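A.B. asks:
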Amino acid sequence: MVNYRRGGRKKRTPVQVQEDTHRINDRIRVPEVRVIDDEGKQLGVLATSYALKLAEERDLDLVEVAPQAKPPVCKLMDYGKFKYREQKKEAEAKKKRTETTIKELRIRYRTDDEDLNTKLKKAREIFDEGYKVKFSIRCRNQKNTDMEINFRKRI
0 MVNYRRGGRK KRTPVQVQED THRINDRIRV PEVRVIDDEG KQLGVLATSY ALKLAEERDL
60 DLVEVAPQAK PPVCKLMDYG KFKYREQKKE AEAKKKRTET TIKELRIRYR TDDEDLNTKL
120 KKAREIFDEG YKVKFSIRCR NQKNTDMEIN FRKRI
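Residue numbers (numbering that gives the first Met the number 0): 0 to 154.
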């Protein structure tokens, strides 16, 4: 579903409204469903209307968990708690999949030893923060390749 923002003289920009991924209670439009209760026990294939009555008696929601199955699998659960747990799982997964970025430190072949030590300290700090460190040695022209080799030996 797309809504549009209104405001001032700007053009309308579409705003994506996030729809629920699971059908719950009256949104389930199939005649029969396989029902699992809140404790994980299978109650079998029941009429949707009867499953809704069961959910109402227990003060729970009937949530469609596997819509592609025949008949669709529904579970009796508190939908608010279910959504909360799902958001927590997504947040944990997002924390775990951190992007590895590479920080680059540039040095020249004429860099003095003290300046090199300073750069190395900075590289250690960056590395301790969890980033990868890449050193680039810059040369002005081809004649300086011998100096570059000597510089690499110094490091």
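Every residue gets a Cβ at the ideal spot worked out from N, C-alpha and C, and that includes glycine.
Note that this is a predicted model, so its numbers are computed, not measured.
#1: Have a look at Ala50, Glu113 and Lys74 and flag the residue whose alpha-carbon is nearest the alpha-carbon of Glu38.
#2: Which same chain residues end up closer than 7 Å to Leu51 when comparing Cβ atoms and leaving out the 5 residues on each side of it in sequence?
#3: Is it the case that the Cβ atoms of Ile27 and Val72 are separated by a distance below 8 Å?
#4: Ignoring anything shorter than 3 residues, give me the beta strand (DSSP E) runs that lie fully in the segment 30-61, in order along the chain.
#5: Can you look up Ile136 in the DSSP assignment and give me helix, strand or coil?
#6: By the 10 Å Cβ neighbour count, where 16 or more other Cβ atoms means buried, how is Val32 classified, buried or exposed?
#7: How many Å lie between Phe134 and Thr99 at the Cα?
#8: What residue does the beta strand (DSSP E) around Lys74 start on, and which one ends it?
#9: DSSP on Arg22, reduced to helix/strand/coil?
#10: Would you call the CB atoms of Pro30 and Ala46 closer than 8 Å?
#11: What are the start and end residues of each continuous beta strand (DSSP E) run of 3 or more residues lying completely inside the segment 80-106, in chain order?
#12: My guess is that Lys102 and Tyr130 are in contact by the Cβ rule of under 8 Å, so how many angstroms apart are they, rounded?
#13: Which partner residues does Lys121 have in the DSSP bridge list?
#14: Can you look up Glu128 in the DSSP assignment and give me helix, strand or coil?
C.D. replies: Considering the structure as presented:
#1: By one-based count along the sequence shown, residue 38 stands at place 39. Among Ala50, Glu113 and Lys74, the Cα nearest to that of Glu38 is on Lys74.
#2: Here residue 51 refers to the residue found at position 52 when the sequence shown is read from its first residue. Asn24 and Leu61, listed in sequence order.
#3: For the purposes of this step, residue 27 is taken as the residue at position 28 of the sequence shown. For the purposes of this step, residue 72 is taken as the residue at position 73 of the sequence shown. No.
#4: 31-35 and 41-46
#5: Residue numbering aside, residue 136 sits at position 137 when the sequence shown is read from its first letter. Three-state DSSP puts Ile136 in a strand.
#6: Within the sequence shown, the letter at position 33 stands for residue 32. The residue is buried, with at least 16 neighbouring Cβ atoms inside 10 Å.
#7: Taking the sequence shown and counting its residues from 1, one reaches residue 134 at position 135. Taking the sequence shown and counting its residues from 1, one reaches residue 99 at position 100. C-alpha separation (whole angstroms): 16 Å.
#8: Numbered from its first residue, the sequence shown carries residue 74 at position 75. Val72 to Met76 is the span of the beta strand (DSSP E), which, as asked, contains Lys74.
#9: Numbered from its first residue, the sequence shown carries residue 22 at position 23. Correct three-state label for Arg22: coil.
#10: Position 31 of the sequence shown holds residue 30. Position 47 of the sequence shown holds residue 46. In contact: Pro30 and Ala46 (Cβ atoms closer than 8 Å).
#11: none
#12: Counted from its first residue, the sequence shown places residue 102 at position 103. Counted from its first residue, the sequence shown places residue 130 at position 131. Going by Cβ atoms, the distance from Lys102 to Tyr130 rounds to 5 Å, so yes, they are a contact pair.
#13: Here residue 121 is taken as the residue at index 122 of the sequence shown, counted from 1. According to DSSP, which records beta bridges pairwise, Lys121 is partnered with nothing at all.
#14: In the sequence shown, residue 128 corresponds to position 129, counting from 1. Coil.
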